[in-house]
Amino acid sequence: MKFDEEYYKEVIKKYSYNPLLFNKIDFQLPGISKNEMQLMWLCSYHSLKNRKVNCENTLFTTGIGLSGVPHMGTISQIIRAIKLQRGGNKVQIVLGDIDAYTGRHISWTQTQHLKEKYRNFILKLGFNSQTGILRAQSDKSVFLTQAKIAGYFKDEIADESEEDLHDLYVKDNKVESKMTFNRKYSLSLMCADFIEPLLMDNFTNIVVFLGLDEHKYVRASKQVMDLMKQEFKVLDSKKIYALYSPLIRGFNGFPKMSKSFTESSLSIQNTPFEIEHKIMNKKEDEMPLQLNVNYQLMKGLMDISEEKAKQVHSDYKNQNVGWIVDKEELLKRVIEIRDMWYE
4 MKFDEEYYKE VIKKYSYNPL LFNKIDFQLP GISKNEMQLM WLCSYHSLKN
54 RKVNCENTLF TTGIGLSGVP HMGTISQIIR AIKLQRGGNK VQIVLGDIDA
104 YTGRHISWTQ TQHLKEKYRN FILKLGFNSQ TGILRAQSDK SVFLTQAKIA
154 GYFKDEIADE SEEDLHDLYV KDNKVESKMT FNRKYSLSLM CADFIEPLLM
204 DNFTNIVVFL GLDEHKYVRA SKQVMDLMKQ EFKVLDSKKI YALYSPLIRG
254 FNGFPKMSKS FTESSLSIQN TPFEIEHKIM NKKEDEMPLQ LNVNYQLMKG
304 LMDISEEKAK QVHSDYKNQN VGWIVDKEEL LKRVIEIRDM WYE
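Going by my numbering, the sequence shown opens with residue 4, and the numbers climb by one from there.
Structural data, given as structure tokens:
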């Protein structure tokens with residue numbers, strides 16, 4: 004499976020998304036130009052084009068799984084959050100400690116250890132918890148919202164909310180194959196994380212930003228919220244939008260980097276030597292540029308301008324010394340990020 008533009012088109016077709024609502028990135032946000040947006044995200048659900056994003060009533064939110072230490076794909080999502088925040092947008096990062104416990108069989112002690120490690124790491128990367136929201140699922144009582152949506156979270160909504168890589172996780176015993184109570188609980192809590200700011204915190208719009216393979220979570224949340232509007236009239240004027248990033252391809256034949264499969268990723272646990280070996284390995288250079296892991300990491304972890312992206316494209320096409328320099332710059336950035344985790 005390749006998480007690229009063809010995958011994006013297939014998602015629209017398979018789930019009957021309205022192409023007028025499921026859009027390519029053709030707009031800008033406060034503090035982020037259209038070209039920068041296109042480097043950071045692949046497509047959006049409900050276009051924000053021609054809509055004035057009021058920073059006071061719009062919340063951008065994402066969730067981070069705590070099934071293990073972060074890999075560079077996870078970190079690229081954190082960096083997107085920081086860029087959104089520095090542009091003047093209100094941003095929330097939710098640490099999924101309860102999801103890891105109920106849905107991924109991670110011990111409670113381990114989830115709480117990872118929660119604090121992630122919290123400190125995200126702050127070191129540059130997230131401002133004074134102007135933004137950095138919380139774990141266990142930090143704030145979203146459980147009242149979860150109780151309110153329980154009557155609307157139908158079995159078919161849960162069944163249709165599996166990640167596109169669900170079968171891969173099941174095959175390696177990372178998650179339960181059937182829609183058990185634990186999995187349904189995790190999914191409904193995720194919906195509560197998205198709906199709570201609209202129901203309880205006076206936000207008018209919420210923009211969820213995730214990897215494209217997680218689009219079903221947003222779809223489920225919107226389905227639940229539409230059903231809730233019959234009872235909770237405050238939701239009538241509220242909107243759920245989404246920004247979907249391309250997935251960073253995994254090493255060793257994996258379709259994406261995953262904390263559940265350590266061999267798939269470039270992670271915090273890799274030594275500088277291992278990081279150098281993966282980044283400088285010429286085997287990756289046989290891939291088309293858009294599927295090259297190093298190029299995907301450059302876009303996700305570094306401040307790349309449109310001009311720099313064009314230069315990298317030329318370097319890669321010609322396989323010249325410039326491409327080696329590009330990879331060395333990436334190597335330096337990845338090791339810098341890795342070291343922050345251990346400070």
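Note that the Cβ used here is the ideal one computed from N, Cα and C, for glycine as well.
Since the structure is predicted, the reported quantities are computational estimates derived from the model, not experimental observations.
Nearest to residue i (by Cα), restricted to the options the options
i	options	result
G90	L333, M75, P33	P33
N255	K232, A245, L246, K281	K281
Y247	N60, R336, D342, K219	K219
E234	L294, G154, Q88	G154
L292	N131, Q322, S191	Q322
Y48	A245, E339, F124	A245
E163	R222, M343, Y298	R222
K157	M182, V145, S144	M182
L304	L42, V227, K37, G135	L42
S144	Q314, E159, E199	E199
T274	K120, W344, E287	W344
Q133	T114, T105, K241, N92	N92
F206	T61, F30, F276, Q31	T61
E346	Y188, Y121, I307, D204	Y121
S240	N208, E217, S224, Q31	N208
Q391	E159, M290, T265, F257	Residue coverage of the chain in this structure runs from 4 to 346, which leaves residue 391 outside it and unanswerable.
F264	D204, R107, I28	R107
D306	F276, L230, E332, N26	E332
G76	H316, Y298, K330	Y298
D318	D29, D342, D288	D288
E279	Q31, K27, K330	K330
Residues bridged to residue i (per DSSP)
i	result
R138	V97
K242	N208
F63	V94, V210
L32	I35
G71	According to DSSP, which records beta bridges pairwise, G71 is partnered with nothing at all.
Pair within 9 Å by beta-carbon distance, residue i and residue j
i	j	result
F63	V296	no
L238	L215	no
V328	L300	no
R309	E39	The sequence shown places Glu at residue 309, not Arg. Closer than 9 Å, so yes.
L334	M283	yes
I348	I78	The structure shown does not extend to residue 348, since the chain is modelled only from 4 to 346, so the question has no answer here.
R252	K262	no
I81	F130	yes
Q88	V94	yes
A312	K320	no
L117	I125	no
W44	F212	yes
I136	K86	no
A161	L190	yes
T105	R186	yes
R83	T65	yes
E266	F276	no
Residue i beta carbon near the ligand ADP (any heavy atom closer than 8 Å)
i	result
I307	Although the ligand ADP was asked about, the structure shown includes no ligands whatsoever.
Quiz prompt | Contact between the segment 86-103 and the segment 131-140 (3+ Cβ pairs under 8 Å) | solution = yes
Self-check item: At least three beta-carbon pairs within less than 8 Å, the segment 192-208 to the segment 147-162
Solution: Touching, per the Cβ criterion.
Practice problem: Let me know the alpha helix (DSSP H) ranges lying completely inside the segment 245-285, each 4 residues or longer, listed in chain order. | Solution: 275-283
Quiz item: Are at least three pairs of beta-carbons, each pair with one atom in the segment 65-80 and one in the segment 270-289, less than 8 Å apart?
Solution: yes
Exercise. With a floor of 4 residues, list each alpha helix (DSSP H) that falls wholly inside the segment 302-332, ordered by position along the chain.
Key: Along the length of the segment 302-332, whole alpha helix (DSSP H) runs at least 4 residues long occupy 309-321, reported in chain order.
Exercise. For the segment 101-156, list the beta strand (DSSP E) runs that are entirely contained and at least 3 residues long, ordered along the chain.
Key: 136-139
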